[in-house]
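Asker: Take this structure, written in structure tokens, and hold onto it; I'll ask about it next.
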Amino acid sequence: MDTAGRPDRRTLLAGGLAGATIMLASCSSTRTEPTAKSLSPEARPTSPATALARLVEGNKRWVSGDLRHPDRDPDRRQFVAQEQEPFGAILSCIDSRVPPELLFDTGLGDLYVMRTGGTAVDPVVTGSVEYGPMTSGTPLVVVLGHQRCGAVKAAYGALQDGKRLPGNLQAIARALRPAYQQAVREGGTDPVETMARAQVELTAKALRTNQDLAPLVAKGSLAVVGAYYSLDTGKVEVLDGAPS
Ligand SMILES: [Zn+2]
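Using the numbering used here, read the sequence shown as starting at 3 and increasing by one per residue.
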């Protein structure tokens, strides 16, 4: 994108809704001439397959402990200060043990990250997930559930007992009801684990097929992947939606 032709902030602010739309787009627009110093070790992935491969490689380093900690220095901070072009959007849990940037060994400006209890979704969260793919061609969305999820466990218990969770926690239980119902249908020895995986699969499917993202998935410019993180091993397992 030609940044020289971009309207200044005052013009945008004076432009009302139209200006806001332009500013939204420019907030995540592509850059044109990165300097050699600021480039990542590898070029930014531009396809769903290469984006997923980048995350898988980073997760292997996380599992083995052979971490690269890419793009976390002042040079990178300066490079992305004006514009960003993340190659992935991760929807994960609030759980303190599941930080996407660490377990995928990524750097500043690599990922959009949304975190909610049990990866519960509402329109605001969905809009946040859609932001990268719809405004700047982010090629990959990952819905990342995890082992021993406290939010899923609490929701499972509340729904099973027909009780409300306190305060706004009830909104999480309500959002996780379809996953609970699927877990009840599937049965199994560990229903909370089954529900956690069901939540990933249902959420990824809903995003993959919604009216905004489905066209991008259909033309191959976006993949929505469901994945599951093991607290024990650090490994991310791809459940579904992997690009071919
Ligand atoms: Zn969790």
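Note that CB positions come from ideal geometry on N, CA and C, so glycine has one too.
Note that the structure is predicted; figures quoted are calculated from it, not measured.
Any idea if residue 119 is buried or exposed, counting beta-carbon neighbours within 10 angstroms, 16 or more meaning buried?
Answerer: With 16 or more other Cβ atoms within 10 Å, it is buried.
Asker: Once DSSP output is grouped into helix, strand and coil, what is the label at residue 174?
Answerer: helix
Asker: Could you give the DSSP three-state label for residue 241: helix, strand or coil?
Answerer: Three-state result, residue 241: strand.
Asker: Nearest by alpha-carbon distance to residue 228: which of 153, 218, 235, 242 is it?
Answerer: 242
Asker: Per DSSP, residue 235 forms a beta bridge with which residues?
Answerer: According to DSSP, which records beta bridges pairwise, residue 235 is partnered with nothing at all.
Asker: May I ask which residues mark the beginning and end of the alpha helix (DSSP H) holding residue 127?
Answerer: 125-138
Asker: Roughly how many angstroms separate the alpha carbons of residue 195 and residue 217, rounded to a whole number?
Answerer: Using only the alpha carbons, I get a separation of about 32 Å.
Asker: With three or more C-beta pairs closer than 8 Å as the rule, is the stretch 108-126 touching the stretch 80-100?
Answerer: yes
Asker: Spell out the partners DSSP gives residue 96 in its beta bridges.
Answerer: Per DSSP, none; premise fails for residue 96.
Asker: In its own chain, which residues sit with a C-beta less than 8 Å from the C-beta of residue 121, not counting the 5 before and 5 after it?
Answerer: 93, 94, 95, 145, 146, 147, 201, 202, 205
Asker: Would you report the Cα separation of residue 128 and residue 233, rounded to the nearest angstrom?
Answerer: 26 Å
Asker: List the whole-angstrom C-beta distance separating residue 139 from residue 49, where the pair is believed to meet the contact cut-off of C-beta under 8 Å.
Answerer: Actually they are not in contact, since the Cβ atoms of residue 139 and residue 49 sit about 10 Å apart, beyond 8 Å.
Asker: Provide the residue span of the alpha helix (DSSP H) that contains residue 143, from first to last.
Answerer: Residue 143 -> not in any alpha helix (DSSP H); beta strand (DSSP E) instead, spanning 142-148.
Asker: With a threshold of 7 Å (Cβ to nearest heavy atom), would residue 152 be considered close to ligand 1?
Answerer: yes
Asker: What are the boundary residues of the alpha helix (DSSP H) that residue 82 is part of?
Answerer: Here residue 82 belongs to no alpha helix (DSSP H), and DSSP marks it neither H nor E.
Asker: Please list the terminal residues of the continuous alpha helix (DSSP H) segment that includes residue 205.
Answerer: Here the alpha helix (DSSP H) through residue 205 covers 193-210.
Asker: With 16 as the cutoff for other CB atoms within 10 Å, does residue 97 come out buried or exposed?
Answerer: Around the beta carbon of residue 97, 16 or more other beta carbons sit within 10 angstroms, so the residue counts as buried.
Asker: Residue 215 and residue 101 - do their beta-carbons sit closer together than 8 Å?
Answerer: no
Asker: Give the range of the alpha helix (DSSP H) segment to which residue 56 is assigned.
Answerer: 50-66
Asker: Pick out whichever of 186, 104, 126 has its Cα sitting closest to the Cα of residue 66.
Answerer: 104
Asker: Does the separation of the CB atoms of residue 160 and residue 166 fall below 8 Å?
Answerer: yes
Asker: Do you know how far the Cα of residue 226 is from the Cα of residue 1?
Answerer: There is no way to answer for residue 1, as the model of the chain reaches only from 3 to 246.
Asker: With the cut-off set at 8 Å, would you say residue 248 and residue 199 are in Cβ contact?
Answerer: No information on residue 248 is available, as it lies outside the stretch 3 to 246 that the chain covers here.
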